[in-house]
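One structure below.
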Amino acid sequence: MPKHFPLPTSLFKGEKKKKKKKSQEGRGLSGAESRAPAFLAPRPWAGETGPCGVTGAAFLAEHRPRGRVPALPLQPCLSSPETIPPRRREAMAAVFLPGNLQDEATCSVCLEFFKDPVSIECGHNFCRACIVKSWKDLEMDFPCPQCREVFQQRSFRPNRQLANMSEIISQFTLRGAKGAEEDGLCPKHREALKLYCKDDRRTICVVCDRSREHRPHAVVPVDEASEEYKVCLSGRLDFLRKERQELLEFKVNDDKKTQELLKTIESERQKLLSDFERLRQFLHDQEHILLGQLDKMEKNISKRQNENITDLSKEITLLNKLITELEEKIQQPMLEFLKVRCQGVCHKPVPVCTDMKMHVCNFSLKTVVLEKVLKKFREDLTLDPDSANHLLILSADLKSVRMGCRKQELPDNPKRFDTNSRVLATTGFKSGRHYWEVEVGPSDGWAFGVARESVRRKGLTQFSPEEGIWAVQQNGGRYWAVTSPQRTPLCLGHKLSRVRVYLDYEGEEVSFYDAENMQHIFTFNVAFQEKVFPLFSVCSTVTYIKLCP
Numbered sequence: 120m121p122k123h124f125p126l127p128t129s130l131f132k133g134e135k136k137k138k139k140k141k142s143q144e145g146r147g148l149s150g151a152e153s154r155a156p157a158f159l160a161p162r163p164w165a166g167e168t169g170p171c172g173v174t175g176a177a178f179l180a181e182h183r184p185r186g187r188v189p190a191l192p193l194q195p196c197l198s199s200p201e202t203i204p205p206r207r208r209e210a211m212a213a214v215f216l217p218g219n220l221q222d223e224a225t226c227s228v229c230l231e232f233f234k235d236p237v238s239i240e241c242g243h244n245f246c247r248a249c250i251v252k253s254w255k256d257l258e259m260d261f262p263c264p265q266c267r268e269v270f271q272q273r274s275f276r277p278n279r280q281l282a283n284m285s286e287i288i289s290q291f292t293l294r295g296a297k298g299a300e301e302d303g304l305c306p307k308h309r310e311a312l313k314l315y316c317k318d319d320r321r322t323i324c325v326v327c328d329r330s331r332e333h334r335p336h337a338v339v340p341v342d343e344a345s346e347e348y349k350v351c352l353s354g355r356l357d358f359l360r361k362e363r364q365e366l367l368e369f370k371v372n373d374d375k376k377t378q379e380l381l382k383t384i385e386s387e388r389q390k391l392l393s394d395f396e397r398l399r400q401f402l403h404d405q406e407h408i409l410l411g412q413l414d415k416m417e418k419n420i421s422k423r424q425n426e427n428i429t430d431l432s433k434e435i436t437l438l439n440k441l442i443t444e445l446e447e448k449i450q451q452p453m454l455e456f457l458k459v460r461c462q463g464v465c466h467k468p469v470p471v472c473t474d475m476k477m478h479v480c481n482f483s484l485k486t487v488v489l490e491k492v493l494k495k496f497r498e499d500l501t502l503d504p505d506s507a508n509h510l511l512i513l514s515a516d517l518k519s520v521r522m523g524c525r526k527q528e529l530p531d532n533p534k535r536f537d538t539n540s541r542v543l544a545t546t547g548f549k550s551g552r553h554y555w556e557v558e559v560g561p562s563d564g565w566a567f568g569v570a571r572e573s574v575r576r577k578g579l580t581q582f583s584p585e586e587g588i589w590a591v592q593q594n595g596g597r598y599w600a601v602t603s604p605q606r607t608p609l610c611l612g613h614k615l616s617r618v619r620v621y622l623d624y625e626g627e628e629v630s631f632y633d634a635e636n637m638q639h640i641f642t643f644n645v646a647f648q649e650k651v652f653p654l655f656s657v658c659s660t661v662t663y664i665k666l667c668p
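Whatever position you read off the sequence shown (first residue = 1), add 119 for this note's numbering.
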């Protein structure tokens, strides 16, 4: 690397000849070097010996400008960094950056490269912001921050050439610092970066460590800091991997739950569609049945009406005949009149609506059931295993019950029927209208209905309203309504396979219908005082009771 950088002579054409001559005589310099001002003249690097045996430090002390220094006219080649070819810029950086040109481009107040430099009357240069701040509170006697010369007025002028030079040097310095860091050297001291400052979080050299800036900081060797950060990063890496694994597991579980929910929703959709399809089919069937029954009743009423009209016409004719005969007899002599006896009998006509009223009432009950179906499809009942007798065997879904051949080992429970082979439903009612359907076996030995919540569970009790039970049963090949004091036989004309139970709590009714054709079976009128539960009883091993879905 050359120790001197010959500046172009055209750079200093603005200097007076008198100063040139004095400079040549006083310094012993010639040529281009003699024409350069002292603060830009070629000088040795710090610690090296320059011309005439002068060391770099002594040379700097001797040639630092004193007093006023005129602004230097610079050639266009140095006016901006864009006008300097890249290779020459690199060469200039290699020559100037290690030397004192950086000092010349540094403000003595902020110790940074000049920003918007200005020159004051003594010739020293400062950043505009620095000199303005230095003179901020002064009204007179404005001193130079560097040489302390005092001026009466606040005046300074821009130094554009120095601004351009500062910009060039700052770019070279940044490039040099970057290159130095890439080479593992301190950009400031050109020493190896062997230490790490924890406070500033950057690598430094041994000279930086002894400086005032880093003296109070925590400094460790680079390899030690590297190991510490590796351990820290390893722990952090393990934590992040764990977090990632947890997120992946969460994603898998969330996807699984989402799929399960979607399947549940689809299942509910299919169930809903199926229920409404059954409801539509049920309504269609009921419409067909009920309209048919209405047509049948209408025909019966018309037939009865016609028959009654015929009978009444006959009776009226007979009465007219009798009236005529009696009128004639009244006119006969007294002895003849007393011999005559009325032989005709007048039959009282039967009203048309007398025997049809019950049919219309029964039909109204059917329409009430239909109204309930429209309002609520049906009750979904299940059997209560805690109330089941030891002989009864319940299905796994608690929808059907049959009688076993021997008692089961079941825990004692206050709700359990210990003697009668009965079981209650899990759901009870104390208001509203409800209905459910029961499928029964083909053989004798079953009974079902409703029972009040306080029905006796222990000991032998009878099926009767006095015991709080209102039910129908099949026994001895016949169907019965469990009434008091005697059972009421039910004449149905066919076997029951499916029965609908309709409960109207406020209406004080429990009604039974053949679910196949909605034929009314029996109705209990009950003033309920407490909660009631559906009740089922099986007392034969060859039959069963099943709750319909």
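Glycine is no exception: its CB is placed at the ideal position from the N, C-alpha and C atoms.
Boundaries of the beta strand (DSSP E) in which residue 622 is found, first to last residue: Element bounds for residue 622: 617 to 623.
For residue 564, count the other beta carbons within 10 Å of its own beta carbon; 16 or more makes it buried, fewer makes it exposed. Which is it? buried
Could you check what DSSP says for residue 514 in three-state terms: helix, strand or coil? Note: residue 514 maps to coil in three-state DSSP.
Using CA coordinates, which residue listed in 659, 627 and 221 is at the minimum distance from residue 648? 627
Can you grab the Cα-Cα spacing for the pair residue 611 / residue 592, in whole Å? 13 Å
In whole angstroms, what is the alpha-carbon distance linking residue 265 and residue 330? Using only the alpha carbons, I get a separation of about 24 Å.
Just to confirm before moving on: does the CB-CB distance between residue 576 and residue 535 stay below 8 Å? yes
So for residue 191, helix, strand or coil by DSSP? Reliability fails at residue 191, whose pLDDT of 39 lies under 50, so the model's placement of it is uncertain and the value that follows must be treated cautiously. Coil at residue 191, not helix or strand.
Can you confirm whether the stretch 327 to 343 touches the stretch 310 to 318 when touching is taken to mean that 3 or more C-beta pairs between the two stretches lie within less than 8 Å? yes
Residues bridged to residue 277 by DSSP? 237
Going by DSSP in three states, residue 665 sits in which element: helix, strand or coil? strand
Other residues of its chain near residue 666: CB distance less than 6 Å, five sequence neighbours each side excluded: The answer, listed in chain order, is 500 and 518.
Distance, Cα to Cα, residue 525 vs residue 594? 22 Å
The beta strand (DSSP E) that contains residue 522, what's its start and end? 519 to 522
Could you round the C-beta distance between residue 570 and residue 652 to whole angstroms and report it? I think they count as a contact, below 8 Å. 6 Å
Does the contact criterion of 3 or more C-beta pairs under 8 Å hold for the stretch 236 to 244 versus the stretch 267 to 282? Result yes; three or more Cβ-Cβ pairs closer than 8 Å.
Determine the contact status of residue 579 and residue 540, defining contact as a CB-CB distance below 8 Å. no
I'd like the span of the alpha helix (DSSP H) that includes residue 425, first residue to last. 341 to 449
To which residues does DSSP link residue 588 through a beta bridge? Beta-bridge pairing links residue 588 to 570.
How many angstroms separate the CA atom of residue 88 from the CA atom of residue 352? No statement about residue 88 is possible, as the shown extent of the chain runs from 120 to 668 and does not include it.
Could you tell me which of 284, 379, 249 and 332 sits nearest to residue 224, measuring between CA atoms? 284
For residue 305, the nearest candidate out of 640, 287 and 326 (CA to CA): 326
Determine contact between the stretch 615 to 634 and the stretch 389 to 401, defined as no fewer than three beta-carbon pairs at a distance below 8 Å. no
Per-residue DSSP class, three states only, for residue 222: Of the three classes helix, strand and coil, the one that applies to residue 222 here is helix, per DSSP.
In angstroms with no decimal places, state the Cα-to-Cα distance between residue 543 and residue 573. 12 Å
Through-space distance from residue 415 to residue 424, alpha-carbon basis: 14 Å
Which residues share a DSSP beta bridge with residue 337? DSSP output for residue 337 lists no bridge partner at all.
With DSSP run on the structure shown, which of helix, strand or coil describes residue 633? DSSP, read as helix, strand or coil, puts residue 633 in strand.
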